[in-house]
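Student: Questions regarding the structure given below will be posed in turn.
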Amino acid sequence: MPLRRTGTPLAPARVSGDGRQHLGQGGRRFPLPEQRYPAHRCGIPGNETGRGVPARSGLAGRSANGHLGPFAVGTSTRIRLPRSSLRPVSRRGRTHAGLELLRRQAAVAARHPALDGAAQRHRRPGPRRSGEAVGSGGCNRNRDIVRQVRPPPVGARNPPCEAGARRGSDRAGQGVRIPADGRHGPIGRPPATPGMSGVEEELNARSFDFGGMIRRRPGAVAAPRSVEELSDLVRKAARDGTRLAIRGGGHSQGGQCLTAGGLVVDTMHLDGLETLGEDLVRAQGGTPWGKVVDALRGTGRLPCVLVDIGEATVGGTLSAGGLGTASHRHGLQVEQVERLEVVTGTGERVVCSPTLNAALFDAVRGGQGQFGVIAQAWIRLRAAGSRIRRYELIYRDFDRFADDFERVVGDGRFDHLRAETRLHTGKIIMGAGIEHDGDVDDDEVLEELGHDEVASASDTADVGQAGIYPAWGFSRRNRHPWRDWLLPWSTLRTLIAQPWLTPRSVPRAPFSWTGVYPIRTGPNAAPWVMRPQGELITSYSILAVLGDRDWATRLTGQLREIDRTLVDLGAKSYLSGDVAYGRREWEAHYGDKLELGREWKREFDPNSVFESNGSFG
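Quick look at the structure:
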């Protein structure tokens, strides 16, 4: 059955007399919404303070998609782009300039002859003029369309774009303001255009990820509208030696979804989904998890595990692992996938499962996009209650908390579970939730627990959504070199009691905390998510939001020291975070599986098309 797409295709954006941006649809005009997808959460109690896997990834998140990996086995060249003959566009205003570019794109393609791939490869671009922006070559199935613009002259009174200005970048702040929308929070997602684009605001918007610590400016951006287009694009990149970075929601924090001079493939249009009976849903890799929840509303079914960020994409979190508040029962998201369709580094479309092309199935689940792009996923569903009762329990004693946490993990009284510590208060908070279809007796549920107080106990009818957590938008505007690890369950007391961060070490952090998610493992554990041995392990996250560049850099160094300490305790890094490993660290991380990863890289991505943040080459 073909994928069922939701929504009506929109015409190019326009600006009305009052300066508001609108999208054309059916001859009418609608104001561009500020929030397209709310930050859905997996019904966790007190999710106002919770955290899930940054994804798109987090690949197709890759954002937690990142294309992070040490398995590059070849070299590649950057895109060679022809010089532009276009004049500078109007500088009447940031939004007007961006829309002017969009209106002129069709005229540009008509006035300038198409360049095929061979012409782009052999034409010498020549030196760049002072102040001239590098444009981009673009392709679709029928032709290559070249679009380039030159920025306003140096000194022109053109306001900075948010993608650079909000991060203190010295050069990224010159360009066109990016209208905000829900998919990318305050930074915003640029107007969607098919094929490739070199428009300034699109390049700037994809020069940063959620972490805000790294800037890599791509040479071009492509947004395929079908899996077939994605396959053609990857095949062409492999032929031309072009590096690709797959980007979903852009929720990586170490530059995993970025590329310097290469091609960013944005999967925002690959968001089709279809329910297949009661127990299965098929979703394309660019589908936000919030959209999956919306489609299942009223059915009494939900994915087994949901991350806290509804904007994170299916492909992104599956490329990282995918942990959430139900992981103490169902493990990681990658362990609740029945099969996948993957586009490999050669552009080949392959369906894989535990019994069909099993090596590729194992490689891409948690593979950080190093072996292929997750184009579609068949995701298992579970029964869900019609309501959820959520609790936030406050502890001031480490031992009492650890005793209670181990007790509730063991007896399974809660459907959702997490814990965190607040840096500036020293409080430990257990967040827990119970899905139900009737009444819940709080006294019975909280019996025998030794918490000091119940900070909140609330009931909501939307199990798949706990509302918008405003800190995520705030975090996107500020630097935060977050790190996540997977550790043996036996280290829980050490993790909670140890003051890894202090108010003095991050004095300018608007907020900071550490988080814990219990994770159940088993015989179906995805082999390429490196983790400690044991049926029950724990994640550990150190999260601090910093607006100051110096303190953010200092915290990065401190996190590297903490990483070495935790590795000695048996930790494995969860790779959606700000991971900056070298050869020795990668060897320690993958251990005896390293050579297997290199074999998979040679088999599934022989030309090293997919961008990598770490390499043994």
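Every number in the numbering used here is 9 more than the matching position in the sequence shown, counting from 1. We put the beta carbon where it would ideally sit given N, CA and C, even for glycine. This structure is a prediction, so every number in the text was calculated from the model and none was measured.
Quick one: grab the DSSP three-state call for residue 408.
Tutor: helix
Student: Once DSSP output is grouped into helix, strand and coil, what is the label at residue 598?
Tutor: helix
Student: Any contact between the stretch 438 to 447 and the stretch 387 to 404? By contact I mean 3 or more CB pairs, one from each, below 8 Å.
Tutor: Counting C-beta pairs with one atom in each stretch, the stretch 438 to 447 and the stretch 387 to 404 have three or more that are closer than 8 Å, which means they touch.
Student: Under 8 Å by Cβ, that's how I've got residue 374 and residue 537 pegged, so tell me the actual separation to the nearest angstrom.
Tutor: 6 Å
Student: Kindly indicate which residue of 320, 336, 468, 428 has the alpha-carbon position closest to the one of residue 460.
Tutor: Comparing C-alpha distances from residue 460 to each of 320, 336, 468, 428 shows the shortest one belongs to 428.
Student: Are the beta-carbon atoms belonging to residue 279 and residue 384 less than 8 Å from one another?
Tutor: yes
Student: Expressed to the nearest angstrom, what Euclidean distance is found between the alpha-carbon atoms of residue 215 and residue 256?
Tutor: 8 Å
Student: On the DSSP bridge assignment, give the partners of residue 499 in chain order.
Tutor: Its beta-bridge partners do not exist; DSSP assigns none.
Student: Between the C-alpha atoms of residue 436 and residue 465, what's the straight-line distance to the nearest angstrom?
Tutor: 14 Å
Student: For residue 285, which residues from the same chain have a beta carbon less than 7 Å from its beta carbon, with the 5 sequence-adjacent residues on both sides left out?
Tutor: 291
Student: With distances taken Cα to Cα, identify the nearest neighbour of residue 424 among 451, 336, 573, 534.
Tutor: 336
Student: Output the distance between the C-alpha atoms of residue 219 and residue 577, rounded to the nearest integer angstrom.
Tutor: Cα to Cα, residue 219 sits roughly 28 Å from residue 577.
Student: Have a look at 227, 369, 226, 221 and flag the residue whose alpha-carbon is nearest the alpha-carbon of residue 609.
Tutor: 369
Student: Mind checking which residues open and close the alpha helix (DSSP H) that includes residue 387?
Tutor: Looking at the DSSP string, residue 387 is not in any alpha helix (DSSP H); the run it does join, the beta strand (DSSP E), is 381 to 392.
Student: Just to confirm the assignment: which complete beta strand (DSSP E) runs, minimum length 3, are found wholly within the stretch 226 to 309?
Tutor: 229 to 231, 253 to 256, 272 to 275, 282 to 284, 289 to 293
Student: Assuming residue 258 and residue 321 are in contact, meaning their beta carbons sit under 8 Å apart, how far apart are those beta carbons, in whole angstroms?
Tutor: 5 Å
Student: Count the CB pairs spanning the stretch 594 to 613 and the stretch 341 to 350 that are closer than 8 Å, and state whether there are at least three.
Tutor: no
Student: Mapping DSSP to helix, strand and coil, what is residue 52?
Tutor: In this prediction, residue 52 has a pLDDT of 35, which is less than 50 and means its spatial position is unreliable; nothing more can be read from the coordinates.
Student: In chain order, what residues of the same chain have a beta carbon less than 8 Å from the beta carbon of residue 571, not counting five sequence neighbours either side?
Tutor: 492, 509, 551
Student: Mapping the DSSP letters down to three states, classify residue 130 as helix, strand or coil.
Tutor: Reliability fails at residue 130, whose pLDDT of 34 lies under 50, so the model's placement of it is uncertain and no value is given.
Student: How would you call residue 297, buried or exposed, if buried means at least 16 neighbouring beta carbons within 10 angstroms?
Tutor: buried
Student: Rounding to the nearest angstrom, what Cα-Cα distance links residue 452 and residue 414 in this structure?
Tutor: 17 Å
Student: Does the distance from the C-beta atom of residue 316 to that of residue 294 stay below 8 Å?
Tutor: With contacts defined as CB atoms closer than 8 Å, residue 316 and residue 294 fail to qualify as a contacting pair.
Student: Counting only the same chain and skipping the five closest in sequence on each side, list residues whose C-beta sits under 6 Å from that of residue 479.
Tutor: Only weak support is given to the placement of residue 479: the predicted model assigns it a pLDDT of 38, under 50, and the question is left unresolved by the model.
Student: Rounded to the nearest angstrom, how far is the Cβ of residue 573 from that of residue 222, given a contact under 8 Å?
Tutor: That pair is no contact at about 19 Å.
Student: Since residue 469 is in the beta strand (DSSP E), which residue starts that stretch and which ends it?
Tutor: 462 to 469
Student: Measure the alpha-carbon distance for residue 419 versus residue 364 and round it to whole angstroms.
Tutor: If you take the alpha carbons of residue 419 and residue 364, they lie about 33 Å apart.
Student: Does residue 351 come out as helix, strand or coil in the three-state DSSP assignment?
Tutor: strand
Student: State the start and end residues of the unbroken beta strand (DSSP E) segment that holds residue 581.
Tutor: 581 to 583
Student: So, helix, strand or coil for residue 504, using DSSP?
Tutor: helix
Student: When the Cα atoms are used, what is the spatial distance from residue 387 to residue 245?
Tutor: Roughly 27 Å between the two C-alpha positions.
Student: Put residue 572 into one of helix, strand or coil per three-state DSSP.
Tutor: Reduced to three states, the DSSP call for residue 572 is helix.
Student: How many Å lie between residue 200 and residue 408 at the Cα?
Tutor: Because the pLDDT at residue 200 is just 36, under 50, the model does not fix this residue reliably, and the value given afterwards should be weighed accordingly. Approximately 52 Å between the Cα atoms of the pair.
Student: Considering residue 430, what are the terminal residues of the beta strand (DSSP E) in which it resides?
Tutor: 425 to 431
Student: Starting from the C-beta of residue 347, find all residues in its chain whose C-beta is less than 8 Å away, skip the five residues before and the five after it, and write them out in chain order.
Tutor: 289, 362, 387, 388, 389
Student: Determine the DSSP secondary structure at residue 534, reduced to helix, strand or coil.
Tutor: Residue state, collapsed to three classes: coil.
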